[in-house]
Amino acid sequence: MTDAQLVEQTLAGSDDGFAALVARHQRSVYNLLARMLRNPALAEELAQETFLKAYTHLRSFNPDYKFSSWILRIAHNAAIDVLRQRGPQLVSIDNPEQPEQGRIEDTLEDPRSDEAARRVERRDLSRVLGAALDHLRPEYRRAVILRYQQDLGYEEIAAITGEPLGTVKSHLHRARAEMAAFLVDRGFVQPEAGGARRNE
Amino acid sequence: MGDRHMDELGRWLAAEQAGAWDEADVLFAAVASRHLPLLQAPAGLAAAILAAVPRRSEAGRFAAVFELVGSWWVRATVAAAVGVLGIALATLSLSQLLAFSSWSVEGLARLAHGASAALAASIEVCSATVTLLVDLGRAAMVVAGFGAAPVVIAANVLVAGLAFLGLSRLLSPREEYC
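As given, the protein sequences belong to chains A and B, one line each in that order.
For the first sequence, this note's numbering begins at 150 and goes up steadily by one.
For the second sequence, this note's numbering begins at 14 and goes up steadily by one.
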């Protein structure tokens, strides 16, 4: 059953229709909020708010658009409101809020710990990339999330964020460059032949 | 996680360094699909959302009441009334309270009388306004038959219509959701 059909079901009074929509999209909504805000508890709260807002405004949903884009746009706007209220100091990318991330970077920045570095390379590459993602500016981070995690096209991202297409492309390009620089700064280099390895 | 994944990472880093943006886009998409998975939603998130939905729906039916009670001036008035009542009960004697009640009833009666008088006056004003408008209409119909008056009236109606449309467009609420 498509999202549009589930929306119709919900508008006709079926609780199951909305339950299916929640089950289908809760992960992507939560992921966007948690990655943008870097605060799991707040992300959970805003995810609830997002779905409730979607529920109360369901009649204004245009079935010509994708429901996933619509709900991500609501979540994105909610996250932006929170980031604006917080102010720039509290979302400083130089001062990560997650203690786990600090631990990852301690490991990454110890050049003597070759064994630890290999362990990070082999077992925690996703964590390293997550740390690189968290170090991006919020507008770059959301572009990466929407493009590479939600697999959305440039036009869809532009519709969700309300930015021009060129800006979206520019954000993605700069975001990737910064993430690459993050990895290179911490010893990940591309060898002349073969895959990446950790610099000694 | 083996060398294949590090190779993928290495090719992406190389593409970024070489300025091959399109290739870097594709390679990073492959890296991200394997190593940047979506975060798991917390257990119970869906249940919490669905539990909240009926409450929100019920709240919608009485939204106006909740909104009224939720406004600060209503809460402040209720709090002040309770405070005054408590002070009155604590400080006034029974006879004073009875006298106060009697004054209150008398005051309310006057208020009701005043309200009915105001209502009657309003009806009179409305009636007079309707009469005036009817007279104006008759006069306009007579004047409209002569000279430039019809053109002036038509232009006036056109300007008024344009002003109405312009204001409606300016004041209409912005659509937030597509």
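Quick reminder that beta carbons are idealized off the backbone N, C-alpha and C, glycines included.
Which value, in whole angstroms, describes the spacing of the CA atoms of residue i and residue j?
i, j, result
"B/A54", "B/A94", "47 Å"
"A/D152", "A/S217", "8 Å"
"A/G162", "A/A168", "12 Å"
"A/L278", "A/M328", "8 Å"
"B/A130", "B/A112", "27 Å"
"B/G179", "B/V172", "10 Å"
"B/L105", "B/A92", "20 Å"
"B/R151", "B/H126", "38 Å"
"A/D230", "B/C139", "48 Å"
"A/Y204", "B/I166", "49 Å"
"A/H322", "B/W34", "7 Å"
"A/Y289", "B/L63", "32 Å"
"A/A221", "A/I309", "Checking the sequence, you will find Leu at residue 221 of chain A rather than Ala. Each residue's Cα considered, the two are about 7 Å apart."
"B/L98", "B/L146", "50 Å"
"B/L51", "A/L274", "15 Å"
"B/A61", "A/R187", "21 Å"
"B/E119", "B/I100", "22 Å"
"B/T90", "B/L124", "19 Å"
"B/M19", "A/F337", "10 Å"
"B/S114", "B/E137", "35 Å"
"A/Q350", "A/G311", "Limits of chain A in this structure are 150 at one end and 349 at the other, which puts residue 350 of chain A out of reach."
"B/R24", "A/K215", "34 Å"
"B/G32", "B/S181", "51 Å"
"B/D148", "B/F177", "25 Å"
"B/W116", "B/T144", "42 Å"
"B/L110", "B/A103", "10 Å"
"B/V170", "B/L121", "47 Å"
Take residue i as the anchor and find which of the options has the nearest alpha-carbon.
i, options, result
"A/V178", "A/K202, A/L160 and A/Y303", "A/K202"
"A/R176", "B/A162, B/A59, B/A31 and B/L180", "B/A59"
"A/F200", "A/A308, A/V171, A/L314 and A/F331", "A/V171"
"A/H174", "A/L186, A/L191 and A/V156", "A/V156"
"A/A192", "A/Q298, A/H225, A/Y303 and A/S319", "A/H225"
"A/L181", "A/F337, A/M150 and A/I223", "A/I223"
Tell me, to the nearest whole angstrom, how far the beta carbon of residue i is from that of residue j; I am working on the premise that it is less than 8 Å.
i, j, result
"A/R207", "A/A227", "It should be pointed out that residue 207 of chain A corresponds to Leu in this sequence rather than to Arg. At roughly 16 Å, the Cβ-Cβ gap does not stay under 8 Å, so A/L207 and A/A227 are not in contact."
"A/F331", "A/H284", "6 Å"
"B/A28", "B/E21", "B/A28 to B/E21, Cβ: 11 Å. No contact."
"A/R325", "B/F41", "5 Å"
"A/Q298", "B/L49", "6 Å"
Excluding sequence positions up to five away, which residues of its chain have a Cβ less than 8 Å from the Cβ of residue i?
i, result
"A/P189", "A183"
"A/P313", "A307"
"A/D165", "Q158"
Leaving out the 5 sequence neighbours to the left and right, which residues in its chain are closer than 6 Å to residue i when beta-carbon positions are compared?
i, result
"B/T142", "none"
"A/P212", "A153"
"A/L301", "L295"
Below 7 Å CB to CB, which residues in the same chain sit around residue i once its five sequence neighbours on both sides are set aside?
i, result
"A/L160", "L207 and R208"
"A/I306", "A292, L295, R296 and V317"
"A/A281", "M328, F331 and L332"
"A/E198", "A227"
"A/Y303", "L314, V317 and K318"
Okay, do the region 284 to 302 of chain A and the region 31 to 50 of chain B touch, 3+ Cβ pairs below 8 Å being the bar?
Judged by Cβ distances under 8 Å, the region 284 to 302 of chain A makes contact with the region 31 to 50 of chain B, as three or more pairs qualify.
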